[in-house]
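Visitor:
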Amino acid sequence: MKTRILFALFLLGSAFTAQAQLLKFGIKAGPNFANFSGGVSGIDYTSRTSFHAGALLQIKPLENFALQPEVLYSSVGADVEGVGDFNLDYISVPVMARFFVVTDRLSIDAGPQFSFLVKDADVVFDEVSGEADTESFDFAVAGGVTLNIAGGLFVSGRYSIGLTEASKQAEVKNAVFQLSLGYTF
15 MKTRILFALF LLGSAFTAQA QLLKFGIKAG PNFANFSGGV SGIDYTSRTS
65 FHAGALLQIK PLENFALQPE VLYSSVGADV EGVGDFNLDY ISVPVMARFF
115 VVTDRLSIDA GPQFSFLVKD ADVVFDEVSG EADTESFDFA VAGGVTLNIA
165 GGLFVSGRYS IGLTEASKQA EVKNAVFQLS LGYTF
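The number in the working numbering is simply the position in the sequence shown, starting from 1, with 14 added.
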């Protein structure tokens, strides 16, 4: 009987160890360098520096592959020369597939990003048309690289390009380069 109990405890301990290697939670934050792609002729857009921060879950079923959904607060938009700023704040949910080119160290990341507008500062469109007509949802594709430094610390660079328009009034899409510093545990 003692042998069976010890064996069951061993199996249970092994399952928890395997589960700990499969799932990791983390946090990340860093600057966004955002702009619009596309646009209205005669209007010049310049990049806007802002930020992102949030949490992630890394699911690693294979040695060289992981799935990483994230929930980020991300501020994007662009500066419009001579008019003002167009600031959009989203709750973004990227779902990145991570392909490790160096096991547990360096990965190439790619996947879709779903963003839900939570705040907009419509200085640009207030002056141009009197009202903002911002889209409440943004769909993008993202790609980048992640380097795991040591002890759960990582850095990443990512570029996302919107596939849907950010505004109903102008044919512009979000284009964002993110640098992140994060920690998984």
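All C-beta atoms in this analysis are idealised placements derived from N, C-alpha and C, irrespective of residue type, glycine included.
In the DSSP assignment, find the beta strand (DSSP E) that holds A48 and state where it starts and stops.
Guide: Along the sequence shown, one-based indexing puts residue 48 at 34. 37 to 52 is the span of the beta strand (DSSP E), which, as asked, contains A48.
Visitor: CB K38 to CB F199, shorter than 8 Å?
Guide: Numbered from its first residue, the sequence shown carries residue 38 at position 24. Numbered from its first residue, the sequence shown carries residue 199 at position 185. Their beta carbons are under 8 Å apart, which means K38 touches F199 by this criterion.
Visitor: Taking the beta carbon of F151 as the centre, do at least 16 other beta carbons fall within 10 Å, making it buried, or is it exposed?
Guide: Residue mapping note: residue 151 aligns to position 137 of the sequence shown, counting from 1. So F151 ends up on the exposed side.
Visitor: Do you know offhand how far A184's Cα is from G53's?
Guide: Position 170 of the sequence shown, counted from the first residue, corresponds to residue 184. Position 39 of the sequence shown, counted from the first residue, corresponds to residue 53. Roughly 6 Å between the two C-alpha positions.
Visitor: Using 8 Å as the cut-off, can you tell me whether the region 113 to 123 makes contact with the region 69 to 88, which would need three or more C-beta pairs spanning the two stretches below that distance?
Guide: With a cut-off of 8 Å, the region 69 to 88 and the region 113 to 123 count as touching, because enough Cβ pairs lie within range.
Visitor: In three-state DSSP terms, what is R112?
Guide: The residue you call residue 112 lines up with position 98 of the sequence shown. Strand.
Visitor: Note down, in chain order, each residue of its chain lying with its Cβ closer than 6 Å to the Cβ of G6, except the 5 sequence neighbours on either side.
Guide: Residue 6 lies beyond the range of the chain shown here (15 to 199); nothing can be said about it.
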